[in-house]
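> Here the protein sequences come in this chain order: A and B.
With my numbering as the guide, the letters of the first sequence map in order to residues 495 to 604.
With my numbering as the guide, the letters of the second sequence map in order to residues 2 to 114.
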Amino acid sequence: AQSVTQPDIHITVSEGASLELRCNYSYGATPYLFWYVQSPGQGLQLLLKYFSGDTLVQGIKGFEAEFKRSQSSFNLRKPSVHWSDAAEYFCAVGFQKLVFGTGTRLLVSP
Amino acid sequence: DVKVTQSSRYLVKRTGEKVFLECVQDMDHENMFWYRQDPGLGLRLIYFSYDVKMKEKGDIPEGYSVSREKKERFSLILESASTNQTSMYLCASSLPGQGGGYTFGSGTRLTVV
Chain A
495 AQSVTQPDIH ITVSEGASLE LRCNYSYGAT PYLFWYVQSP GQGLQLLLKY
545 FSGDTLVQGI KGFEAEFKRS QSSFNLRKPS VHWSDAAEYF CAVGFQKLVF
595 GTGTRLLVSP
Chain B
2 DVKVTQSSRY LVKRTGEKVF LECVQDMDHE NMFWYRQDPG LGLRLIYFSY
52 DVKMKEKGDI PEGYSVSREK KERFSLILES ASTNQTSMYL CASSLPGQGG
102 GYTFGSGTRL TVV
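1) Sort B:Thr104, B:Thr87, B:Cys92 and B:Leu44 by Cα distance to Asp60 (chain B) and report the nearest one.
2) Step through the CB atoms of chain D and report whether any lies within less than 9 Å of the CB of Gly537 (chain A).
3) When you compare the region 11-22 of chain B with the region 590-597 of chain A, are there three or more beta-carbon pairs, one atom per stretch, that lie closer than 8 Å?
4) Which of the three DSSP states is assigned to Arg74 (chain B) in this structure?
5) Within 10 angstroms of the Cβ of Leu550 (chain A), are there 16 or more other Cβ atoms? Answer buried if so, exposed if not.
6) Using only CA atoms, which one of A:Val587, A:Thr499, A:Thr506 and A:Lys591 lies nearest to Leu601 (chain A)?
7) Cβ of Gln590 (chain A) less than 9 Å from any chain B Cβ?
8) Taking the straight line between their C-alpha atoms, what separation do you get for Val25 (chain B) and Gln86 (chain B)?
9) For chain B, check one thing: does any of its Cβ atoms lie closer than 9 Å to the Cβ of Gly595 (chain A)?
10) Drop a sphere of 10 angstroms on the beta-carbon of Met55 (chain B), count the other beta-carbons inside from all chains shown, and report buried for 16 or more, exposed for fewer.
11) Checking contacts by CB at 9 Å: is Val498 (chain A) closer than that to chain B?
12) Please classify Gln441 (chain A): does DSSP put it in a helix, a strand, or coil?
13) Just tell me which of B:Glu31, B:Ala82, B:Gly108 and B:Pro40 has its CA closest to the CA of Lys591 (chain A).
14) Bridge partners of Arg563 (chain A), per DSSP?
15) So which residues on chain A does Ser107 (chain B) lean against when the C-beta distance must stay under 7 Å?
16) In whole angstroms, give me the CA-to-CA distance for Lys562 (chain A) and Ser83 (chain B).
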């Protein structure tokens with residue numbers, strides 16, 4: 495069965511500290527991989543995506559993610575978190591139809 | 002600016018009512034999707050469509066139907082609304098086969114009382 499696991503429901507990070515959000519997936523073949531961000535009361539916005547090639551991908555707002563085939567993981571990172579990054583983050587995998595994780599809510603402390 | 006528009010941000014409906022949630026995209030995308038979002042459950046796929054007049058069931062289609070008479074419009078129908086359908090509903094669209102990712106609407110928060 496296809497599934498996406500985001501093991502952390504909530505994460506609190508101090509402003510200026512680094513961030514890593516975890517994502518593991520189970521899929522028949524290596525799918526396309528995505529990270530989305532959702533601000534309160536809003537739809538989801540695409541942060542970055544991986545199809546093939548370089549396993550470290552850059553996205554918007556200073557985010558990056560690394561694909562590790564051996565671990566079936568696609569973790570999201572940011573070197574220095576800003577208060578405006580507080581939101582919910584979703585990992586998704588698939589081809590034309592995406593399967594989403596349950597999300598990780600990021601809280602940023604002053 | 003290209004976008005996906007959901008006609009209502011908030012809706013309150015009574016149990017048993019027939020409810021229509023409308024979604025329109027202006028990007029000429031073939032693929033359209035309806036998800037519901039609930040705390041702790043993430044996004045779950047209700048229905049999707051890869052072409053006009055085409056529809057396929059997602060993971061949780063029970064109690065819902067859809068209509069796609071025109072390429073740009075994908076409607077979600079709650080045949081007889083129930084309180085367990087209180088949720089955030091998200092519409093998305095995408096191009097076929099290119100893995101371009103979804104473009105989402107802002108969502109409709111539906112409350113069934």
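The C-beta atom is built at its ideal place from N, Cα and C for all residues, glycine as well.
Please read all numbers here as calculations on a predicted model, not as lab measurements.
Taking the geometry as given:
1) In the second sequence, the residue the question calls residue 60 (chain B) occupies position 59. When each option's Cα is compared against that of Asp60 (chain B), the closest is B:Leu44.
2) In summary, chain D is missing from the structure at hand, where the protein chains are A and B.
3) no
4) Here residue 74 (chain B) corresponds to residue number 73 of the second sequence, with the count starting at 1. Arg74 (chain B): strand per DSSP, three-state reduction.
5) In the first sequence, residue 550 (chain A) corresponds to position 56, counting from 1. Exposed is the call here.
6) As a first step, residue 601 (chain A) must be located in the first sequence, where it is residue number 107. Answer by Cα proximity: A:Thr506.
7) As a working note, residue 590 (chain A) is residue 96 in the first sequence. Cβ-Cβ to chain B under 9 Å: yes for Gln590 (chain A).
8) The count along the second sequence starts at 1 and reaches residue 25 (chain B) at position 24. The count along the second sequence starts at 1 and reaches residue 86 (chain B) at position 85. Straight-line Cα distance between these residues: approximately 22 Å.
9) Numbered from its first residue, the first sequence carries residue 595 (chain A) at position 101. Answer yes: the Cβ-Cβ gap between Gly595 (chain A) and chain B drops below 9 Å somewhere.
10) Your numbering for residue 55 (chain B) matches position 54 in the second sequence. Under this definition Met55 (chain B) is an exposed residue.
11) One-based indexing of the first sequence puts residue 498 (chain A) at position 4. Closer than 9 Å to some Cβ of chain B, the Cβ of Val498 (chain A) qualifies, so yes.
12) The structure shown has nothing for residue 441 (chain A), since chain A only spans 495 to 604.
13) Stepping through the first sequence from its first residue, residue 591 (chain A) is reached at position 97. Looking at the Cα atoms, B:Glu31 is the closest of the given residues.
14) Taking the first residue of the first sequence as 1, we reach residue 563 (chain A) at position 69. None; Arg563 (chain A) has no bridge partner.
15) As a working mapping, residue 107 (chain B) is identified with position 106 in the second sequence. Gln536 and Gly537, listed in chain order.
16) Translated into the one-based positions of the first sequence, residue 562 (chain A) becomes position 68. Translated into the one-based positions of the second sequence, residue 83 (chain B) becomes position 82. Near 43 Å, if we compare the C-alpha coordinates of Ser83 (chain B) and Lys562 (chain A).
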